[in-house]
Every structure is written in structure tokens, then in C-alpha cells.
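Visitor:
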């Protein structure tokens, strides 16, 4: 995985979490998508599109979950 961010108002984070319960990546995506359309609408974005950093210039949301970046979830 690689990141290339060539804009002054876009940043990126690679977040790793430990879950208390087992969950598939599809369950995680569904939960995040649901929140992005309800309680976190306008704050959290969700996309399954292949995008680049300049696609978000002018986007007012604080976070965006991009499903294509993570192709696997490893359980420790």
C-alpha cells in the first residue's frame, strides 16, 4: 500500500485497531457505512470508489473511509 498526498488541505491516516469481538471486513464496512449515513452524516464519508487525494479538495467531511485501501484484516 502506498500513499501520495500532494495537497495542502488533505491528510491521510493508516489506522489499525484491535476489536473486542470477531468481525469480518464486510461487517466493519457495513457498520461504518451505516454511521456515515446517519449519526455521522456530513462528518464521516464512505466510498468504494478508487479515488486520489485531489478528489477531496473542498470536501467538508472530517473523515473518509476508503474500502479499497484495505484488502485484508488480520486478527492477532
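Numbering (the working numbering), first residue to last: 395 to 470. All C-beta atoms in this analysis are idealised placements derived from N, C-alpha and C, irrespective of residue type, glycine included.
Return the CA-CA distance between residue 451 and residue 402, expressed in angstroms with no decimal places.
Guide: Walking along the chain shown from the start, residue 451 turns up at place 57. Walking along the chain shown from the start, residue 402 turns up at place 8. Distance from the CA atom of residue 451 to the CA atom of residue 402, rounded to whole angstroms, is 9 Å.
Visitor: Note down the Cα distance separating residue 438 from residue 428, rounded to an integer number of angstroms.
Guide: As a working mapping, residue 438 is identified with position 44 in the chain shown. As a working mapping, residue 428 is identified with position 34 in the chain shown. For residue 438 and residue 428, the distance between alpha carbons rounds to 10 Å.
Visitor: Taking the straight line between their C-alpha atoms, what separation do you get for residue 467 and residue 418?
Guide: Translated into the one-based positions of the chain shown, residue 467 becomes position 73. Translated into the one-based positions of the chain shown, residue 418 becomes position 24. Annotation note: pLDDT 46 at residue 467 (below 50); position unreliable, no value reported.
Visitor: Leaving aside the five residues before and after residue 445 along the sequence, list all residues of the same chain whose C-beta is less than 7 Å from its C-beta, in chain order.
Guide: For the purposes of this step, residue 445 is taken as the residue at position 51 of the chain shown. Spatial neighbours of residue 445 in its own chain (CB-CB distance under 7 Å, excluding positions within 5 residues in sequence) are listed in chain order as 460.
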